[in-house]
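Participant:
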Amino acid sequence: MNSPKNILVTGASRGVGAAICRTLLQEGHTVFGVSRTLSAEITAMQSDYSDTFFFKSVDLANTSAMRTALFVDFLDNSKPLHGYVNNAAQAYDDLITNLSEEKLQSMFSVNVLSPMMITKYAIRNMILNRVQGSIVHISSVSAHTGYKGLAMYAASKGAIEAFSLTTAREWGEKGIRSNCIVAGFMETEMSIGLSPDQKNRIYNRTSLKKATSIQSLADTVSFLLSHKAESITGTNVFVDNGTI
Ligand SMILES: NC(=O)c1ccc[n+]([C@@H]2O[C@H](COP(=O)([O-])OP(=O)(O)OC[C@H]3O[C@@H](n4cnc5c(N)ncnc54)[C@H](OP(=O)(O)O)[C@@H]3O)[C@@H](O)[C@H]2O)c1
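Now the structure itself:
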């Protein structure tokens, strides 16, 4: 039995994040969802789970405002936090020779700096409330295989994987776990700009020759948050259709 937990999920407005929120809500957890947009998916979850789904519009690129917005106004330490899912991300896609420092900084604020700061306050909450919590970061297979045009994005995911590993080493004694899910290509807004030909080339690099299932990813998040994963920490779980 998966006992009800309070879980913070970033990037709740669409795609993978919305699927993660719905999966956790269906399992009886209380979800604190964050993104910039109050999307149709958010409105639907607010209506379906009025007692267990809470939403806050926060721009995670604004790292200095993040603490007050998230950990004072929305999720203060009176609410024990059992899980944090770092899902929100941006994909800055270009050749290295075209690299724009401004775009790089903006993407790193959302994909790396904010998750690191949120981890800081999430762990503080867990310790204060004596909770043996679980942190799950959504990484990308691009950090492992390399894809033309994804050097900057892949570097942000590599940074998060290194951060997660050390989080696990540093806080394991308190029972706090940290893992990454290395996701393969999924059909979401992030990948909407790819042509059928580009998608087929990506699928051909997987063993299963198709897009990664968003539900499979959401179910793996749920597993890593649960007691069933009590001995899993400091690792990467690949949910990528067996990318070669
Ligand atoms: N799609 C893929 O093929 C793929 C592959 C491997 C890994 N991933 C990873 O999977 C995760 C989910 O991606 P996805 O495909 O669902 O992407 P998506 O459809 O583009 O959704 C991204 C989410 O992040 C939120 N977000 C972006 N910038 C934000 C900001 N400044 N402040 C707050 N929230 C922000 C968005 O909400 P708002 O725009 O409303 O703020 C949205 O909810 C990401 O970590 C991504 O890197 C995706």
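The sequence shown begins at 75 in my numbering and counts up one residue at a time. The beta carbon of each residue, even a glycine, is placed where N, CA and C say it ideally should be.
What separation, rounded to the nearest whole angstrom, lies between the Cα atoms of S87 and A162?
Facilitator: 9 Å
Participant: Should K231 and S214 be called a contact, given that it needs their Cβ atoms to be closer than 7 Å?
Facilitator: Cβ atoms of K231 and S214: closer than 7 Å.
Participant: Under 7 Å between the Cβ atoms of A135 and V210?
Facilitator: Taking 7 Å as the Cβ cut-off, A135 and V210 do not qualify as a contacting pair.
Participant: Would F259 and A285 qualify as a contact pair, given that the criterion is a beta-carbon distance under 7 Å?
Facilitator: yes
Participant: Is R96 buried or exposed, if buried means 16 or more other CB atoms sit within 10 Å of its CB?
Facilitator: buried
Participant: Do A233 and G308 have their beta-carbon atoms positioned less than 7 Å apart in this structure?
Facilitator: no
Participant: For the candidate residues D122, Y123, A225 and S131, whose alpha-carbon lies nearest to that of L173?
Facilitator: A225
Participant: Is the stretch 184 to 202 touching the stretch 138 to 149, taking contact as three or more C-beta pairs under 8 Å?
Facilitator: yes
Participant: Decide if N50 is buried, meaning its Cβ has at least 16 other Cβ atoms within 10 Å, or exposed.
Facilitator: In the structure as shown, the chain starts at 75 and stops at 318, and residue 50 therefore has no counterpart that could be examined.
Participant: Going by DSSP, name the residue or residues bridged to G107.
Facilitator: Paired residue(s): V83 and F129.
Participant: Using the Cα positions of M75 and Q164, report the straight-line distance between them to the nearest angstrom.
Facilitator: No answer about M75 holds up, because its pLDDT of 47 lies below 50 and its placement is not dependable.
Participant: Just grab the DSSP bridge partners of G157 for me.
Facilitator: I81 and S208
Participant: Label L282 either buried or exposed according to how many other C-beta atoms from any shown protein chain fall within 10 Å of its C-beta, with 16 as the threshold for buried.
Facilitator: Exposed: under 16 other Cβ atoms inside 10 Å.
Participant: Between which residues of its own chain and T294 is the CB-CB distance below 7 Å, once the five residues before and five after are set aside?
Facilitator: I255, V311 and V313
Participant: Bridge partners for F312 per DSSP, in chain order?
Facilitator: Per DSSP, the beta bridge partners of F312 are V256.
Participant: Which term fits P78, buried or exposed, when burial requires 16 or more other beta carbons within 10 angstroms of its beta carbon?
Facilitator: exposed
Participant: Hey, is A163 close to ligand 1, as in C-beta under 6 Å from one of its heavy atoms?
Facilitator: yes
Participant: Would a C-beta distance cut-off of 7 Å place G207 and G157 closer than the cut-off?
Facilitator: Yes, Cβ-Cβ distance for G207 and G157 is below 7 Å.
Participant: Just to confirm, are E263 and G89 a CB contact at a threshold of 7 Å?
Facilitator: yes
Participant: Where do the N-terminal and C-terminal ends of the alpha helix (DSSP H) with N274 fall, by residue?
Facilitator: P270 to Y277
Participant: Would E115 be called buried (16 or more neighbouring beta carbons within 10 Å of its own) or exposed?
Facilitator: buried
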